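Input: a single structure, listed below in structure tokens.
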Amino acid sequence: MSIIKSRLKLTMILLLFVFALFGGVYVVSLELDRIHLTVTVLKDGNAIPGANVYVYAVFSNGTKLVATTCTNVYGIAVFHLSVKDVIKPIIDWNQAEKRSFTINPGLYITSMGVYNNTVYFGSASTKLPLTTSGPIITRVNLELRHPITKVEGYAKMASTNIQQVSPWAKLIYSAQKTMRETFFKVSTDQNTKASCGYLVEQYREVAFKCTYSVTKVIDNSITVTWSIGAEISWVTSQIEKALGLDVSQNSVGYISCLAAINYECWEYEMPADGEVYREHRVYIAYYWPDTLDKVIGEDDIEGNQVLLKTATGKGLNSIATILYLDWQELAIPISKFIKYISIKYLDFPQVLNVPLDVNLVFKSAHAICAHVEVYGVEGCTINIYKVEVSRTLNACYQIPAWAIILRT
Numbered sequence: 000m001s002i003i004k005s006r007l008k009l010t011m012i013l014l015l016f017v018f019a020l021f022g023g024v025y026v027v028s029l030e031l032d033r034i035h036l037t038v039t040v041l042k043d044g045n046a047i048p049g050a051n052v053y054v055y056a057v058f059s060n061g062t063k064l065v066a067t068t069c070t071n072v073y074g075i076a077v078f079h080l081s082v083k084d085v086i087k088p089i090i091d092w093n094q095a096e097k098r099s100f101t102i103n104p105g106l107y108i109t110s111m112g113v114y115n116n117t118v119y120f121g122s123a124s125t126k127l128p129l130t131t132s133g134p135i136i137t138r139v140n141l142e143l144r145h146p147i148t149k150v151e152g153y154a155k156m157a158s159t160n161i162q163q164v165s166p167w168a169k170l171i172y173s174a175q176k177t178m179r180e181t182f183f184k185v186s187t188d189q190n191t192k193a194s195c196g197y198l199v200e201q202y203r204e205v206a207f208k209c210t211y212s213v214t215k216v217i218d219n220s221i222t223v224t225w226s227i228g229a230e231i232s233w234v235t236s237q238i239e240k241a242l243g244l245d246v247s248q249n250s251v252g253y254i255s256c257l258a259a260i261n262y263e264c265w266e267y268e269m270p271a272d273g274e275v276y277r278e279h280r281v282y283i284a285y286y287w288p289d290t291l292d293k294v295i296g297e298d299d300i301e302g303n304q305v306l307l308k309t310a311t312g313k314g315l316n317s318i319a320t321i322l323y324l325d326w327q328e329l330a331i332p333i334s335k336f337i338k339y340i341s342i343k344y345l346d347f348p349q350v351l352n353v354p355l356d357v358n359l360v361f362k363s364a365h366a367i368c369a370h371v372e373v374y375g376v377e378g379c380t381i382n383i384y385k386v387e388v389s390r391t392l393n394a395c396y397q398i399p400a401w402a403i404i405l406r407t
């Protein structure tokens, strides 16, 4: 009898060991595929409980909704995502395409939350590493920026036990179009000329920010004007590309390249007020450094001329001054793309068909470099302006563009 008991005990121990072993392997394999994301939703420094949070994976052809939830009483939402689902498709795309650039995976996050009886909208993002192995831990603070509408009686929900309908969002329409976009512009008058250099460094990264607007579904009324939001794509040039540009008197010179531009329309319900909203999302997914050329793109760079510096002409064969363009965030105009979308997508609110830009941000030092050698008639005063892209019609941003205007 004692022999049987000892054998049973040994069998039980072996079974427990096997279960523990395989259970441990399962847990380890699960963690190797994990992206742990923590999002804290804030408004004016205050944590927002019960806020709807939407997480999108960023791919080469657009964003895909991968998770939604509401923040807890501390304004925090926690997500556990898959490396295989979010990052591996980008790695596979880079390897298959073998272009003059690579793109990085990332998460783009939007939120709607209530503060002082008003619904607010905001966005944030995080870039992810090019790896197939987790766990990856990332934390993001999302600031609610834009008031949408007043919520009557919402204060009754002010409780430590917030209950809210699980948030949803669905893609209504999306499009991607490759267009030649203007990245650089130099303009001269009758007394000036310029010689320019433009360089894209190898293995340096830039990011593009998303431009978005929010409208009500019922009447397409604008609740959030076109605004510059968070970064949504990260692109690293795999080549070095240099161009020289000479701009003679009374002329305009341009440098442009091909870029893939995306439009997405996402529909949300905000349970607090029962309204349905549409977010209109426009951004550059990637660009081709090898297509840089000395031609104008689909759009010109226009805006307010802001005096940068003055110089005195030393003759058209002597350099008056040299400008090194070093601002790290600049505007790229994409209005023709918006016109294209408004024709293709009949539900696009015509009131949003206005001049529009996206932002390019240097993530690596000197990712793109440019300089302008300025020449002028001897003795003349040369006023050198940069262009500030300041939108006033259905837009809410003011950003510099790489455009230099020479006037005497």
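Under numbering that gives the first Met the number 0, the first residue of the sequence shown is numbered 0, with each subsequent residue one higher. Note that CB positions come from ideal geometry on N, CA and C, so glycine has one too. Every value quoted in this text rests on a predicted model; they were computed, and no experiment measured them.
| Query | Result |
| --- | --- |
| Reduced DSSP category for residue 30 - H, G, I as helix; E, B as strand; rest coil | helix |
| Simplified DSSP state of residue 396, which is helix, strand or coil | strand |
| For residue 358: DSSP bridge partner residues | 330 |
| Residue 297 in three-state terms, based on DSSP | coil |
| Residues near residue 326 by beta carbon distance below 6 Å, same chain, minus five either side | 399 |
| Residue 249 - DSSP class collapsed to helix/strand/coil | coil |
| Cβ pair count under 8 Å reaching 3, the region 295-306 against the region 225-234 | no |
| Strand pairing of residue 229, partner residues [DSSP] | Note: residue 229 sits in no beta bridge, so no partner. |
| Proximity below 8 Å, CB of residue 360 to CB of residue 205 | yes |
| Residue(s) in a DSSP beta bridge with residue 383 | 308 and 405 |
| Under 8 Å between C-beta atoms of residue 103 and residue 126 | yes |
| Classification of residue 316 by the beta-carbon crowding that lies within 10 angstroms, buried from 16 upward | exposed |
| Through-space distance from residue 94 to residue 84, alpha-carbon basis | 16 Å |
| Beta bridge counterpart(s) of residue 181 as assigned by DSSP | 255 |
| Residue 51 (DSSP reduced to helix, strand or coil) | strand |
| Residue burial classification, residue 165 (beta-carbon count within 10 angstroms, cutoff 16) | exposed |
| For residue 59, the nearest candidate out of 175, 391 and 266 (CA to CA) | 175 |
| Distance between beta carbons of residue 37 and residue 138, contact taken as under 8 Å | 5 Å |
| Residue range of the unbroken alpha helix (DSSP H) whose run includes residue 82 | 82-85 |
| Same chain only: Cβ atoms within 6 Å of residue 198, ignoring 5 sequence neighbours per side | 241 and 368 |
| DSSP-derived helix/strand/coil call for residue 93 | helix |
| Alpha-carbon spacing of residue 462 relative to residue 143, whole angstroms | For residue 462 there is no data in the structure shown, the boundaries of the chain being 0 and 407. |
| DSSP three-state assignment for residue 343, whether helix, strand or coil | helix |
| Residue 394 classed as buried or exposed, judged by whether at least 16 other C-beta atoms fall within 10 angstroms | buried |
| Candidates 379, 250, 311 and 345: closest to residue 295 by CA position | 250 |
| Residue nearest to residue 31 in terms of C-alpha spacing, selected from 286, 110, 75 and 81 | 81 |
| Beta-carbon spacing of residue 211, residue 278 below 8 Å | yes |
| Same chain only: Cβ atoms within 6 Å of residue 160, ignoring 5 sequence neighbours per side | Note on residue 160: pLDDT 43, under 50, position unreliable in the model; no value is reported. |
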